[in-house]
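Under this note's numbering, the first residue of the sequence shown is numbered 6, with each subsequent residue one higher.
All residues carry an ideal CB built from backbone N, CA and C; glycine is no exception.
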Amino acid sequence: MILGIDPGGGGALCFADFEKGLLDIVDMPIVALLRNGKIKREISAAMLAAVIRARRPDVAWLERVNAMPGQGVSSVWAFARGVGALEGVLAALNVPTYYVAPRVWQAKVAQRPGKDGGRERASQLFPAYASMFLRVKDDGRSDAALIAYYGFTNPSAVG
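Here it is in structure tokens:
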């Protein structure tokens, strides 16, 4: 089983067995916590570990992300904490993890440019799961599914 991960608060996890045609997509487990007098949303490492442990993936593909120009310091910090939580949980559960840049996986899965290109391509590749990609906010789900598909179709990219 391959785990594709679109990191971040709006991201998702896609556990895929492409040989059986099965996708199990889980929205990123998020909790709202009070931090410095403000409610902040962040990835729950405990919930994340429970989700991954229950499905026992053989390998994970994590989108390699970087800070973007114009992002605020606190949002970059929160995003980096989330990626760190993902990496820590995967390491603790002994899941071999590989990284792929967005431009690489998007080109390999033939995703069209544009805001909805990922949702459109995921619906084409996985028509039985198209209902998982209907809403604009489902782009994390489609990205996770496409990242998993990239890992499945590009085994030579490992190592």
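Classification of residue i by the beta-carbon crowding that lies within 10 angstroms, buried from 16 upward
i, result
"Ile-48", "buried"
"Leu-67", "buried"
"Val-56", "buried"
"Pro-118", "exposed"
"Pro-101", "exposed"
"Val-78", "exposed"
"Ala-65", "buried"
"Gln-116", "buried"
"Ala-106", "exposed"
"Trp-82", "exposed"
"Gly-75", "exposed"
Simplified DSSP assignment, three categories, for residue i
i, result
"Gly-9", "strand"
Run of the alpha helix (DSSP H) containing residue i, from where it starts to where it stops
i, result
"Asp-148", "144-158"
Whole-number beta carbon distance between residue j and residue i, since they are thought to touch under 8 angstroms
i, j, result
"Ile-7", "Asp-63", "7 angstroms"
"Ala-127", "Ala-150", "5 angstroms"
"Gly-145", "Gly-15", "5 angstroms"
"Cys-19", "Gly-26", "With 8 angstroms as the limit, Cys-19 and Gly-26 do not qualify as a contact, their Cβ atoms being about 13 angstroms apart."
"Ala-50", "Val-94", "6 angstroms"
"Ala-54", "Leu-91", "10 angstroms between Cβ atoms; not a contact."
"Leu-11", "Asp-148", "The amino acid at residue 11 is misidentified as Leu; the sequence shows Asp. The pair is a contact, with the Cβ atoms about 4 angstroms apart (cut-off 8 angstroms)."
"Asp-29", "Arg-60", "7 angstroms"
"Val-109", "Tyr-154", "The pair is not a contact, with the Cβ atoms about 13 angstroms apart (cut-off 8 angstroms)."
Closer than 8 angstroms to chain B by CB, residue i
i, result
"Glu-92", "As a matter of chain content, chain B is missing from the structure shown, which is built from one protein chain."
What are the uninterrupted segments assigned as alpha helix (DSSP H) that are 4 or more residues long and contained completely in the segment 98-140, given in chain order? As far as the segment 98-140 is concerned, its whole alpha helix (DSSP H) runs of at least 4 residues are 107-113 and 122-130.
Fully enclosed by the segment 23-84, which alpha helix (DSSP H) runs are 4 residues long or longer? The segment 23-84 contains these whole alpha helix (DSSP H) runs: 50-60.
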